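Participant: Top to bottom, those sequences are chains A and B.
Numbering that gives the first Met the number 0 applies: residue 0 is where the first sequence begins, and numbers increase by one.
Numbering that gives the first Met the number 0 applies: residue 0 is where the second sequence begins, and numbers increase by one.
Note that the Cβ used here is the ideal one computed from N, Cα and C, for glycine as well.
Computed from a predicted structure; not experimentally measured.
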Amino acid sequence: MSVTPLLKIEGLKASIDETEILKGIDLEILPGEVHAVMGRNGSGKSTTAHVLMGHPDYEVTNGNVKLDGEDLLEMESYERARAGVFLSFQYPHSVPGLQVGNFLRRSVSAINGEEAAKGPEFRNLLKEGMEQLGLDRSFLARYVNDGFSGGEKKRFEILQMMLIKPKLAILDETDSGLDIDGIRTVAQGVDAAIRGSNSGALIITHYNRILEHVKPDKIHVLIDGKIVKSGGPELANKLEERGYDWIEKEVMANE
Amino acid sequence: MSSPYLEHANTDKAAHIWRYTPWKRAHPTGTINEVPQSESPEISISLVDGTSVPDGITIEPATESDIERLGHELDFDHGTAAPKFIAAVAKKTMILKIENKIKVETPLIVTITTSGDICASRLLIDIGSQVEAEIITLIEGNANWTGILREGQYGSNSIINDVVTQITGNRLVRCDALSLCRDAQVKAGTVNASSSQAKIDIRHWLNEPGSSLKVNGSILSSNENHLDSHIEITHSGRQTHSRLEWHSACGGKSNTTGTGMLRIDAGAKGADAGQLFHNLLLSEKAKANSIPELEVLESEVVGCGHGTANGPIDEQQLFYLSTRGLDEEQARAALIAAFLNTPLSDMGSNLLHGWLVERIEKHLNLI
Ligand SMILES: Nc1ncnc2c1ncn2[C@@H]1O[C@H](COP(=O)(O)OP(=O)(O)OP(=O)(O)O)[C@@H](O)[C@H]1O
Ligand SMILES: [Mg+2]
């Protein structure tokens with residue numbers, strides 16, 4: 000019997016202002032799997048993440064995306080979030096005036112229901128998460144991402160992931176800007192949320208440092224809006240050692 | 000009836016303070032040579048937590064000498080008509096007095112309950128030296144036209160958060176004329192959500208050295224509201240500091256104006272001042288104007304700047320909130336609340352902030 004993939008992307012093409020950025024992406028994540036996407040600056044990694052989340056600036060021109068067999072592209076962004084997709088932004092937006100504590104309650108209650116955002120269980124989860132991430136209590140009174148350091152922004156994204164407990168976590172360079180302890184915490188968070196469950200994760204990164212802690216099942220290399228190579232964890236080391244030139248050559252030779 | 004008002008009933012229409020709401024429109028009857036009959040509002044004081052008001056804090060009818068000592072209404076120049084009118088039309092003048100060195104832990108509420116057609120009050124504020132207090136003046140009731148004139152001073156070395164709020168109401172003309180004594184630290188907040196028409200004129204004088212003022216405004220206009228605020232700050236003492244942050248969320252077919260006048264007199268060496276008006280435009284039909292103006296007559300100033308920003312709700316912020324499960328309505332409400340909350344949370348303590356948020360939140364769904 001075949002399992003329904005958690006995420007299935009087929010032939011996905013997307014443009015911004017008439018410029019095609021994603022040129023046909025295919026990717027399948029099974030429940031319990033962690034995949035990584037690597038690629039140079041500008042190859043379309045964040046675009047992929049934004050398109051999966053329904054960013055209004057991008058136009059999907061081809062392909063389809065299914066989450067647990069359901070058409071993701073048909074849904075509004077908030078519906079995707081409620082269906083279980085979570086994006087940890089590479090550059091999260093600040094919302095001056097909106098306090099972290101208030102924001103977390105609104106968001107957890109929108110996604111997991113009002114009950115999930117109150118009571119001792121929520122408070123404990125919040126407290127534990129903040130302790131693990133080294134965030135002080137006073138953090139709750141600050142404004143969302145306003146004046147946060149790079150590392151604080153990333154920690155805050157992960158705190159949200161821990162509270163929301165998504166079905167599919169997309170981490171867009173969450174490791175950049177974090178020290179090794181931060182990366183370890185993120186890795187533990189991903190492991191705890193994904194392994195042995197029906198959830199999954201897509202980790203977008205430049206570095207294999209995070210991949211040493213969250214062992215991915217598969218690695219995909221994105222070049223110019225296309226996945227040109229997929230492989231096991233060993234691919235990450237090879238990319239770190241040798242860069243992307245050899246893959247580009249390989250691709251050109253095949254064409 | 001003769002009064003100093005009638006000599007000043009004609010205003011300078013070219014002055015920016017009268018450009019968007021002419022005095023004829025703000026005046027209760029529109030016949031500006033008239034000082035009509037009026038009622039007096041009920042005024043009472045209490046503490047937010049319901050405990051009794053401590054000794055040393057009183058509100059009572061003012062004497063002639065109180066008015067002479069604290070009355071500022073003649074200090075208004077091109078805006079003289081409105082404060083003089085309220086002084087003329089109000090039957091009673093009350094005085095809120097806080098004696099030297101009184102420290103109040105919980106915010107004090109001055110409730111002004113209006114009724115009848117035209118309801119006006121003149122309120123003197125006499126804050127002693129070294130007082131530490133938070134004061135919320137809550138204007139409520141159902142008068143068709145309300146006039147409030149608040150005049151007085153914050154004593155030397157006092158630390159005062161002074162918030163005036165009208166959450167719903169009909170027509171309002173409010174004039175504040177307050178001076179800061181030496182080293183006084185004052186935060187003056189205005190919260191207005193949906194008065195049908197408001198003409199607000201707030202003036203502070205930093206005459207003595209070392210005083211510091213923050214003026215914050217959180218304005219929510221909706222429907223066909225017409226809200227016009229003028230904020231004037233004059234530095235004449237040395238080493239004085241002021242900031243103005245005025246946020247207006249403008250929805251419906253409302254019309255919102257903020258005019259600022261920042262004046263640094265000769266001799267105010269070391270003055271440091273800045274003003275910022277920020278309008279969030281929530282509908283295509285909402286109009287917002289902001290005009291900050293500077294008049295700097297002293298060269299040795301630390302800083303003196305002004306700015307305005309106008310714009311709709313930020314699409315990227317909206318997207319961020321939608322990826323966190325908030326539908327469009329929830330996300331917009333959260334962003335409007337956030338926008339108004341920046342100045343609001345700076346108005347005073349957590350207790351005061353919580354009290355204000357509770358009252359304003361109910362009105363966000365008006366937009
Ligand atoms: N708003 C935009 N308008 C026009 N082009 C854009 C826009 N956003 C991204 N692009 C272009 O799309 C391409 C892919 O960008 P994307 O941000 O997805 O890259 P990335 O792989 O995430 O890069 P990085 O490693 O730097 O984060 C780049 O060439 C970029 O210039
Ligand atoms: Mg990117």
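Give me every residue whose Cβ sits closer than 5 Å to any heavy atom of ligand 4, in chain order.
Facilitator: By its list of ligands, the structure shown excludes ligand 4, since it contains just ligand 1 and ligand 2.
Participant: At which residues does the beta strand (DSSP E) containing B:A107 begin and terminate?
Facilitator: Looking at the sequence shown, residue 107 of chain B is not Ala but Leu. From DSSP, the beta strand (DSSP E) with B:L107 extends over 107-113.
Participant: With a cut-off of 8 Å, does the C-beta of B:S282 fall near any C-beta of chain A?
Facilitator: Closer than 8 Å: no.
Participant: In the DSSP assignment, find the unbroken alpha helix (DSSP H) run with A:V64 in it and report its ends.
Facilitator: Where A:V64 is concerned, there is no enclosing alpha helix (DSSP H), although the beta strand (DSSP E) it sits in stretches over 58-66.
Participant: Judging by CA-CA distance, which residue of A:P232, A:K44, A:E27, A:N63 is the nearest neighbour of A:L170?
Facilitator: The shortest Cα separation from A:L170 among A:P232, A:K44, A:E27, A:N63 belongs to A:K44.
Participant: Thinking B:T164 and B:V190 are a contact (beta carbons under 8 Å), I'd like their distance in whole angstroms, please.
Facilitator: Their Cβ separation, rounded to whole angstroms, is 4 Å, which keeps B:T164 and B:V190 in contact under 8 Å.
Participant: Anything in chain A within Cβ reach of B:Q315, meaning under 7 Å, just list it in chain order.
Facilitator: What B:Q315 touches in chain A: H92.
Participant: Does the beta carbon of A:A186 sit closer than 8 Å to a beta carbon anywhere in chain B?
Facilitator: Closer than 8 Å: no.
Participant: In this structure, how does DSSP classify A:G118 when only helix, strand and coil are distinguished?
Facilitator: Helix, per DSSP.
Participant: With a threshold of 8 Å between beta-carbons, can A:S76 be considered close to chain B, or not?
Facilitator: Output row for A:S76: interface = yes.
Participant: Quick one: what does DSSP say B:D54 is sitting in, helix, strand or coil?
Facilitator: Coil, per DSSP.
Participant: Kindly give me the distance between the Cβ atoms of B:A330 and B:L317, rounded to whole angstroms, as I take these residues to be in contact under 8 Å.
Facilitator: Right, the Cβ-Cβ distance comes to about 5 Å (below 8 Å), so this counts as a contact.
Participant: Any heavy atom of ligand 2 within a distance shorter than 7 Å of the CB on B:Q315?
Facilitator: B:Q315: no, Cβ never under 7 Å from ligand 2.
Participant: Which one of B:K83, B:Q152, B:D116 has the shortest CA to CA distance from B:I94?
Facilitator: Among B:K83, B:Q152, B:D116, the Cα nearest to that of B:I94 belongs to B:Q152.
Participant: For a contact defined as C-beta to C-beta under 8 Å, what are the partners of A:G100 on chain B?
Facilitator: Going along chain B, no residue has its Cβ under 8 Å from A:G100, so there is no contact; the nearest lies around 12 Å.
Participant: Flag this pair as touching only if the region 125-138 of chain A and the region 49-62 of chain A have three or more C-beta atom pairs under 8 Å; answer yes or no.
Facilitator: Contact between the region 125-138 of chain A and the region 49-62 of chain A is absent, because fewer than three Cβ pairs lie under 8 Å.
Participant: Nearest-angstrom Cα distance between B:G257 and B:P291?
Facilitator: Each residue's Cα considered, the two are about 8 Å apart.
Participant: For the region 103-116 of chain A, which residues have a beta carbon sitting closer than 7 Å to at least one beta carbon of chain B?
Facilitator: So the close ones are R105, S106, A109, I110.
Participant: Spatial neighbours of A:Y77 within its chain, please: C-beta separation below 8 Å, excluding the five flanking residues on both sides.
Facilitator: Counting only Cβ-Cβ distances below 8 Å, and skipping sequence neighbours, we find A109.
Participant: Taking 7 Å as the cut-off, does the CB of A:D56 come closer than this to any heavy atom belonging to ligand 2?
Facilitator: No, since every heavy atom of ligand 2 falls outside the 7 Å radius drawn around the Cβ of A:D56.
Participant: By how many angstroms is the C-alpha of A:L26 removed from the C-alpha of A:M74?
Facilitator: Computed Cα separation, rounded: 19 Å.
Participant: Please classify A:Y90: is it buried, with 16 or more other beta-carbons within 10 angstroms of its beta-carbon, or exposed?
Facilitator: Answer is exposed; the Cβ neighbour count stays below 16.
Participant: Count the other C-beta atoms from every protein chain shown that fall within 10 angstroms of the C-beta of A:L201, then say buried if there are 16 or more, exposed otherwise.
Facilitator: With 16 or more other Cβ atoms within 10 Å, it is buried.
Participant: For chain A, is any of its Cβ atoms less than 8 Å away from the one on B:L350?
Facilitator: False, the Cβ-Cβ gap to chain A never drops below 8 Å.
Participant: Tell me, please, whether the CB atom of B:T341 is closer than 8 Å to any CB atom in chain A?
Facilitator: Chain A, which has a Cβ nearer than 8 Å to the Cβ of B:T341, makes this yes.
Participant: Would you list the one or two residues that DSSP bridges to B:N340?
Facilitator: Answer by DSSP bridge pairing: none, since B:N340 is not bridged.
Participant: For B:K252 and B:W144, what's the separation of their Cα atoms in angstroms?
Facilitator: So the alpha carbons of these two residues sit roughly 21 Å apart.
Participant: CB of A:Q89 to nearest heavy atom of ligand 2: below 7 Å?
Facilitator: For ligand 2, at least one heavy atom lies less than 7 Å from the Cβ of A:Q89.
Participant: So which residues on chain A does B:F318 lean against when the C-beta distance must stay under 7 Å?
Facilitator: Residues of chain A passing the Cβ test: H54, P55, S76.
Participant: Quick check: is any heavy atom of ligand 2 less than 7 Å from the C-beta of A:E172?
Facilitator: Within the cutoff, so yes.
Participant: For B:S241, which residues in the same chain have their Cβ closer than 6 Å to its Cβ, ignoring the five residues on either side in sequence?
Facilitator: L212, I232, A272.
Participant: How far does the beta strand (DSSP E) with A:N236 in it extend, from its first residue to its last?
Facilitator: Not the beta strand (DSSP E): A:N236 falls in the alpha helix (DSSP H), residues 233-241.
Participant: What number of angstroms, rounded off, separates the C-alpha of A:R105 from the C-alpha of A:G83?
Facilitator: Going by the C-alpha atoms only, they are around 16 Å apart.
Participant: Find the residues of chain B that neighbour A:R81, judging by a C-beta separation of less than 7 Å, and give them in chain order.
Facilitator: Going along chain B in sequence order, the residues near A:R81 (Cβ under 7 Å) are G324.
Participant: Can the beta-carbon of B:G269 be found closer than 8 Å to that of B:E294?
Facilitator: No. Outside cutoff.
Participant: Looking at chain E, is there any beta carbon in it that lies within less than 8 Å of the beta carbon of A:P95?
Facilitator: No chain E is part of this structure, whose protein chains are labelled A and B.
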